[in-house]
Amino acid sequence: MLSPDHSWRDRAACRGMGPDLFFPERGELTDEAKAVCQGCPVSHACFIFAVQSGEHHGIWGGKSERQRRDVRSQTVIQQNPILHGTEQGYTAHWRRNIPACDDCRWAHADYVRRGKYRRINMGVGR
Ligand code: SF4
Ligand SMILES: [Zn+2]
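For the sequence shown, the working numbering assigns the number 1048 to the initial residue and increments by one for each residue that follows.
This is how it looks when you write it as structure tokens:
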């Protein structure tokens, strides 16, 4: 099996700098680390590595933990598009905090209506 290519580390601008700058304590400023990353020739490879390996801590490729989290959730959203016009789509809108589109609102209204119809026919809720 091929092991992942980590040769980009050899060209890292942070080589030999020690981890403290790039792994700040909560609340510490990250501007200095980000400035080093900005001039780093391998910042893209570094960022992708951190996202793919699920790195939770530190500045990688000039990006913070929160920025990596945002990229991960955007990727999940892109890979799982909302199925508009379905009840499943309607719930996906709310889970993602996006107001439901007309198609999903219609699908939801239909879902609720059919649910009520079933309950009435089964004699439930009288
Ligand atoms: S982008 Fe920043 S953390 Fe990543 S290798 Fe370059 S200097 Fe180091
Ligand atoms: Zn929709």
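Backbone N, C-alpha and C define an ideal beta-carbon position, used for all residues, glycine too.
Predicted model only: the values in this text are computed from it and were never measured.
N-terminal and C-terminal residue of the alpha helix (DSSP H) that residue i is part of
i	result
W1141	E1134 to R1142
H1131	It is not in any alpha helix (DSSP H) - H1131 carries neither H nor E in the DSSP assignment.
D1067	From DSSP, D1067 is part of no alpha helix (DSSP H); its letter is neither H nor E.
S1090	S1090 to Q1099
D1117	E1112 to Q1126
C1199	Shown here, the chain extends from 1048 to 1173; a query on residue 1199 therefore has no answer.
Beta-carbon separation (whole angstroms), residue i vs residue j, contact threshold 8 Å
i	j	result
V1098	V1118	6 Å
I1124	R1143	7 Å
H1140	P1146	7 Å
F1070	G1105	4 Å
H1178	D1150	The structure shown has nothing for residue 1178, since the chain only spans 1048 to 1173.
A1060	G1086	6 Å
Per-residue DSSP class, three states only, for residue i
i	result
M1048	Summary for M1048: the model assigns pLDDT 49, below 50, so the residue's position carries little reliability; its value from the coordinates is reported in the next sentence. Here M1048 sits in coil by DSSP.
Check whether the segment 1105 to 1120 and the segment 1128 to 1141 are in contact - that is, three or more C-beta pairs closer than 8 Å. With the rule of 3 Cβ pairs closer than 8 Å, the segment 1105 to 1120 does not count as touching the segment 1128 to 1141.
- Okay, do the segment 1071 to 1078 and the segment 1087 to 1095 touch, 3+ Cβ pairs below 8 Å being the bar? In short, these stretches do not touch, since the Cβ pair count stays below three.
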